[in-house]
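Residue numbers (the UniProt record's numbering): 1 to 352. A virtual CB, placed ideally from N, CA and C, is assigned to each residue, including glycine. Every value quoted in this text rests on a predicted model; they were computed, and no experiment measured them. For reference, the structure discussed in these notes is given below.
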């Protein structure tokens, strides 16, 4: 048996291979036990806190760092064997790639998880997280680039020359992609200045609709007629934007006209009749009602009130109810609404 274990295969005895395999299995069992017991205890402890920051770190660590440590232990075990230079080089490159992958994934997932926990702690809406996705994408790209550059440097290549080449190429790309960069900078303006957010109902001039998505290059707006409008961010920041979601109350101005045959005493009653009608509604703040002028076919009255809600449908329901009540009230007082009319007077010529 001892002679069998001392047999040499590819520069190592069978005993050495079995010891290496045994340590690999032992490391797997220890880390499996650690993940099952220690990580579970840490998660149980983290669930008792009033935030999710510690839970995020424990979860991402268990998902990415434990497998990485297992591979690192395996690498150390294999390094104890007598292997050829080519195999050692393959192992070095493999562990370097694995290290970059797991460490970068751990960092990016931790940042994303901590951000979600922070927004949850602050009571931010789910739409706010969607806005962060564009910025998270850029952060992830930067972290991956740094990780790849570190990997290339450890492989023995001249990173300085690569970065210098990228700098010259970057200038050329920037000149060729000015519009894209303009949209990217506009995205940061929208993100930090927050003129609108996902879910807001906005008026962009000719376009009106709800914001569905704010991307790195474009923003998606769903119009009231149903189609999706895709607008470059650079164009969005140049426009005058009315954000209706941030309304605290809605101002309503409307005019009505009565006939010129209406007696003066009834004309004097009309502002108070309108005021009484408007003030019946609890969600309304009456401001004024006045005789505003003499039109071609009507004596006009102008009324202004505020609806103490940003709900557009509610404001229209109230306006409809006010109009119906005014029709009934004017009928009771025998006041006629005016409509476009023209009266022709014919003068008969005297007979000679």
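- Per DSSP, residue 339 is not a residue of any beta strand (DSSP E), being assigned neither H nor E.
- Contact between the stretch 297 to 306 and the stretch 233 to 241 is absent: fewer than three C-beta pairs spanning the two stretches fall below 8 angstroms.
- Assignment of residue 16 by DSSP, reduced to helix, strand and coil, places it in the helix class.
- Nearest C-alpha to residue 191 among 84, 310, 217: 217.
- A distance below 8 angstroms separates the beta carbons of residue 306 and residue 249.
- Taking 8 angstroms as the cut-off, the Cβ atoms of residue 136 and residue 53 do not count as close.
- Distance from the Cα of residue 290 is smallest, within the candidate group 151, 95, 270, for 270.
- Around residue 71, the same chain offers 98 as residues with beta carbons nearer than 6 angstroms, after the five sequence neighbours per side are excluded.
- Taking a cut-off of 8 angstroms for Cβ pairs, the stretch 94 to 113 and the stretch 47 to 64 touch, as three or more such pairs fall below it.
- Around the Cβ of residue 293, a 10 Å sphere holds fewer than 16 other Cβ atoms; the residue is exposed.
- By the 16-neighbour rule on beta-carbons within 10 angstroms, residue 202 is buried.
- Rounded to whole angstroms, the separation of the alpha carbons of residue 24 and residue 77 is 7 angstroms.
- In the pairwise beta carbon analysis, the stretch 309 to 318 is classified as not touching the stretch 258 to 269: fewer than three pairs are separated by under 8 angstroms.
- For the stretch 112 to 159, the full-length alpha helix (DSSP H) segments reaching 4 residues or more read 126 to 154 along the chain.
- Boundaries of the alpha helix (DSSP H) harbouring residue 77: 66 to 79, taken from the DSSP string.
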